[in-house]
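First up is the structure itself, then whatever we jot down about it.
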Amino acid sequence: MTALFAILSIILIAIIAVQIGRVSELAARIRGEEDAQERTNRSTSRWLLIFMVLFLLACIVSAVYYKNYMLGYGPHQAASEHGGSLDKMFNITLIVTGIVFFITQIALFWFSYKYRARKGGKALYIPHDNKIEIIWTAVPAVVMTFLVVGGLDAWNDVMADVGTDEEVIEIEAMGYQFAWQLRYPGPDGKLGSRDYKLTTGTNPIGQDWTDESNLDDFHPSEIVLPVGKKVRVRILARDVLHDFYLPHFRVKMDAVPGMPTYFVFTPTKTTEEYRQELKKYDEYNVPDPSSPEKMLWETFEYELACAELCGKGHWSMRRLVKIVSESEYEAWLKTQNSYYMSAIYKTADDPWPIDGKLPAIVASTRKQEFTDLFDTAMKGNTLAERTFVLKYVTFETGSAQLTEISKKYELANVIDAMKANSALVIGLGGHTDNTGSADANMTLSQERANAVMAYLVANGISADRLKATGYGQNQPIADNGTESGRAENRRTEFTILSGGTPAVSTVNEAAATE
Amino acid sequence: MATAVVQPTTFEEKLIQEYGYDDHFHEHHHGDKYQSSFITTYVFSQDHKMIAKQLLITGMIWGLIGALMSLVFRLQLGFPEESLAWLKPVLGQWIEVNPEGVGKLSQEFYYALVTMHGTIIVFFVLTAGLSGTFSNLLIPLMLGARDMASPLLNMMSYWFFFMAGVVMFMSLFLSTGPFSGGWTAYPPLSILPEASAGSGAGMTLWALSLVLFVVSVLLGGINYITTVLNLRTKGMSMWRMPLPIWSFFITAIIGLLSFPVLASAFFLVVFDRELGTSFFLNEIFIGGKALDHVGGSPILYQHLFWFLGHPEVYIIILPAMGLVSEVLSVNARKPIFGYKAMVFSILAIAFLSFIVWAHHMFMSGVNPFISNFFVIFTLIIAVPSAVKVFNWIATLYGGNIRFNSAMLFAIGFVSMFISGGLTGIFLGNSAIDIQMHDTYFVVAHFHIVMGVAAFFGMFAGVYHWFPKMYGRFMNETLGKIHFWGTMVSAYAIFWPMHYIGMAGVPRRYYAFDIFQSFSHFAEMNKFITIAAILAFGFQVLFVINFFYSIWKGKRLTVQNPYGATTLEWTTPVRPGHGNWPGKIPAVQRWPYDYGKDGEDFIPQIVPLKEGEHDGGHH
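These protein sequences, in sequence, are chains F and G. Count the first sequence with this note's numbering and you get residues 382 to 895, in order. Count the second sequence with this note's numbering and you get residues 1079 to 1696, in order.
See the structure below:
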């Protein structure tokens, strides 16, 4: 109905328009063509002048009204070191072009008005004037030269890559349909290598997990950076073109599949400082529509957007960017966990150990794990509290042959602990699951405990401080009905018999458990 | 065979009879077999004037379609909360109606509309409809030629364009939708159907359509060049050609050199899509799998595309400049100021247009060092452009200006060209482009300078030469309403976009509410959308005026209604096949003798007086 009404009114307007046209044409014919043209010239030239005045006024008024959205003014100042030079170029250009704009528009409309045809009027015959042509070729050329020099000076400064010995935080942002995947280098400061063919659902950037520098990299959900530190963003694309765009920092660069690009910038204002800036402006002292109890300036966040058409979700690729103080940044870094450790470690995708070696991050994690358990056990009051499983001591299948990797890492931790605590006497308990005969299991568990002991002795721990016991399948800690339960039951236990911090008499208790 | 005996009655006819050149044309074309039936007259016409009309009307139809598309996506941008369910009968599945009955434009289709709007307006309307129309109409008429060098190729040029249009139109009805990756069709988005629904069959038809279009442009262009070089009448030296001819001639050369590069880019895209090559693809993981394509570069496509894409904006604007120069001069009753400077600036712009393409790519990942050169060349273009503006303004100075719709649009063109051209100085400077690239500032810039300005040039041309096409005038009152409405609403649409762009809002966003930084402009976007609807209304008025005037407009009763000097006004009121009934006119002087020696105007066919100089225009 509305549509019909709209169509009918359009048709009506069209008919009216045509009628107006016909009437004025008739009027012109009655008045005489020349008179009509004369009247038209007079009125039209006046309208052109009125238009010019209104148009130029509208330009000025709107520019004043929107001044707070212009580059480099008020709340829209750059939050990066290089941003100011861009804003300056913008404003120099604005002044230069503004002058030209007003002069030419005024001349155009003023001449149109002034030189309207009058009865008996004659036009001047001025076909050309080479002097004037030279002047108005040379003047723009000189002005352009200044703009080019200023612009390129800023450009080459902004786009320069970091020097080899410069201190810089390198992070990575990969655009995909339709979000950004972020990556930080972790404590080693290095982003690990990648190959797009390794990309899977659990490996969004295609990191090569055999490269150790990948293993400490973490994937935060937002960009957090310290103020005043130079940042180099490595920009990648996984599927189609994207563009890494940080409007407040004057940062923009396409993300191209197969061709990493970069942008180097230094944030100069923390999020909080920027909020305080915004607080000074009325338009930010209104409630935020999405959380009305807060003012707009309070909820302000820096944002990362996409600025290259990448498909139907192009408009929605938002990530938050937070600029914080150095100490806040350090604190934040501590809360971030290695992506490898939280999502890849010990899954089917984990290639480690490679050649009997564990990556440093895993070895140190395991060492930390051992130390924690050991420290707890040292403070234990009962024997049970003084016992923990040496999770990473493993044997070749069906034999008492220690794996090389157990020796290299977990048993090395045990040796270190024994050497550091010379009063320590420990029990090494071998356990199996319930597959096979109980006798055979008893024998195997004893042999395995012995093997551990033998290895420790061979590495300089006195046999007096060690007591190896096989328990067979008698002390399950998990359900033998499931595979994971059985795996848990096959274990080597570490028990502090004496030398712990609460000095308890342990021999009897140890005897009792036997 | 007897030559049709023409009794000269008018001043012009007498001059042609006396000084004209007899090419015995009518002895060979007796009976006018090329326009003997309805089909050969109106459909498969080989007459340049009819082909011009075909191009113009086809362009107008596409213009309406392209503009309507922009209204639909402007509704989404201006009124994102409003239900568009009422469009469901037309747009079908592209309006997604939720259970509450609120209809939303689908995101995919939003991008399809944006893409189609750009493609249609740039290629079909402003290349074929503007440059094609007036090159066809005016080159033979202003040069004193009987027709194009090859009328057959000329006809084929139109029909290739027509086929391109049919294919593009068909793509609108695909179930997966038309192509939606932007008019620039950057790969990998345009190559991988996994990346976007429109990159399936939609892209296939899009590419096919544009390849047909390139063929059309090349057939047309080679014809324009040949005609200008070979079919100028006696006395019509290059330096005596009116400025529109110079601009059409140079435009055709630009097109001939750059469109094949575009075609090659499209062919390589098709190879990548269909044959598994990797020209533009490298290391892509999409749809859950890593593709085998390695070694290509998406940037290579951008180089190829913009090698056409940038000259293309001059292909659009140069003809408009030519038309405006002529209309300004005729109606100011003054010679165009600095004719030779105007020609040299066209040549300079044309040359420079080939070495600035990468200014579209400052932020694309090309080496920042190479951008230095492109900044320099780009900003140099401002110089010839500025010279043209100053010369137009100087042409008005001291004139005796007659205001009609054509003249108003010509003045409007200059205003628009200034406004839009100046913002180019921002964008061409790579440092500023870091922030401005792909924001609304760019949208404002190119719409004003090559969208609105080019349309203004086209309107100036249509109003001015309509009598030559149809033997009637367009209605002046409606024309003036059209001008004022368009002038005001066009500025109302695009001026505010500068502010949106300065605030950093990216273009090609379906909605702005996700980003706090981009969501300040809801009111302004409403305003822009309303202005766009109004602007569209004024264009409908133009179309009504156009078709009304074809049959009902004021009749043209004299040969030379504007007191113009150029040759097209020496033909009969309704020129037939061959344009001049008897001899073709011979040219005696340059085309801008307005107000010389106290005469209001001296047509080109009037011989120089004793001792009169033609200012070096030999």
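Think of the CB as a built atom: it goes at the ideal place given N, C-alpha and C, for glycine as much as any other residue.
Please report whether the beta-carbon of residue i lies at a distance below 9 Å from any beta-carbon of chain G.
| i | result |
| --- | --- |
| M451(F) | yes |
| K578(F) | yes |
| D669(F) | yes |
| V481(F) | yes |
| H600(F) | no |
| E514(F) | yes |
| G402(F) | yes |
| V637(F) | yes |
| V399(F) | yes |
| I742(F) | no |
On the DSSP bridge list, what partners appear for residue i?
| i | result |
| --- | --- |
| R1633(G) | R1550(G) |
| I1303(G) | Answer by DSSP bridge pairing: none, since I1303(G) is not bridged. |
| Y1379(G) | Partner(s): none; Y1379(G) has no beta bridge. |
| K1182(G) | E1174(G) |
| K703(F) | V605(F) |
| V1566(G) | For V1566(G), which the question treats as bridged, DSSP gives no partner whatsoever. |
| A849(F) | L809(F) |
| T644(F) | In the sequence on display, residue 644(F) carries Phe and not Thr. F644(F) is bridged to V614(F). |
| Q562(F) | M555(F) |
Taking the alpha-carbon of residue i as reference, which of the options has the nearest alpha-carbon?
| i | options | result |
| --- | --- | --- |
| I1503(G) | A1538(G), V1453(G), Q1666(G), L1369(G) | V1453(G) |
| D592(F) | A781(F), P670(F), F436(F), D569(F) | D569(F) |
| Q1380(G) | F1363(G), I1606(G), W1435(G), F1122(G) | W1435(G) |
| A460(F) | Y683(F), H695(F), L579(F), H623(F) | Y683(F) |
| L1169(G) | E1178(G), F1593(G), E1186(G) | E1186(G) |
| T863(F) | D797(F), D814(F), L783(F) | D814(F) |
| S1148(G) | I1606(G), V1665(G), L1619(G), F1624(G) | I1606(G) |
| N1360(G) | V1372(G), D1350(G), K1367(G) | V1372(G) |
| R420(F) | L596(F), R497(F), L685(F), V774(F) | R497(F) |
| K788(F) | A744(F), T768(F), M759(F) | A744(F) |
| I1680(G) | G1654(G), R1652(G), L1645(G), R1586(G) | L1645(G) |
| M1565(G) | F1487(G), I1683(G), F1596(G), Y1577(G) | F1487(G) |
| K512(F) | V520(F), L837(F), A781(F) | V520(F) |
Interface residues of chain G around residue i at Cβ under 8 Å?
| i | result |
| --- | --- |
| M634(F) | M1441, G1443 |
| N422(F) | I1479, R1480, F1481 |
| E682(F) | Q1594 |
| E588(F) | What sits at residue 588(F) in the sequence shown is Gln, not Glu. Ordered by position in chain G, no residue passes the 8 Å Cβ test against Q588(F), which lies about 13 Å from the chain. |
Kindly indicate if chain F contains any beta-carbon less than 9 Å away from that of residue i.
| i | result |
| --- | --- |
| A1609(G) | no |
| M1314(G) | no |
| Y1577(G) | yes |
| G1676(G) | yes |
| V1530(G) | no |
| M1147(G) | no |
| I1683(G) | no |
| G1416(G) | yes |
| L1559(G) | Per the sequence shown, the amino acid found at residue 1559(G) is Ile instead of Leu. At least one chain F Cβ lies under 9 Å of I1559(G). |
| G1280(G) | no |
| W1435(G) | no |
So residue i packs on residue j, CB below 8 Å; how close in whole Å?
| i | j | result |
| --- | --- | --- |
| S1031(G) | F1561(G) | Only positions 1079 to 1696 of chain G appear in the structure, and residue 1031(G) is not among them; the question remains open. |
| G1416(G) | N1469(G) | 5 Å |
| G866(F) | A859(F) | 4 Å |
For a contact meaning CB atoms closer than 8 Å, what does residue i contact in chain F?
| i | result |
| --- | --- |
| Y1189(G) | L690, G692, K693, H695 |
Which residues in chain C have a C-beta closer than 8 Å to the C-beta of residue i? List them in chain order.
| i | result |
| --- | --- |
| S787(F) | Among the protein chains of the structure shown, namely F and G, there is no chain C. |
So with CB distances below 9 Å, who are the chain F contacts of residue i?
| i | result |
| --- | --- |
| R1411(G) | A498, G502, K503, A504 |
| M1399(G) | Within chain F, no residue comes near M1399(G); the closest Cβ sits about 15 Å away, beyond 9 Å. |
| T1522(G) | A quick correction: the sequence has Ala, not Thr, at residue 1522(G). In chain order: nothing, as chain F lies at least about 12 Å away. |
Which bits of chain F does residue i rub up against, with CB to CB less than 7 Å?
| i | result |
| --- | --- |
| K1632(G) | E406 |
| M1580(G) | Y450, M451, L452 |
| V1150(G) | Simply none; closest approach about 14 Å. |
So with CB distances below 7 Å, who are the chain G contacts of residue i?
| i | result |
| --- | --- |
| Q558(F) | A1273 |
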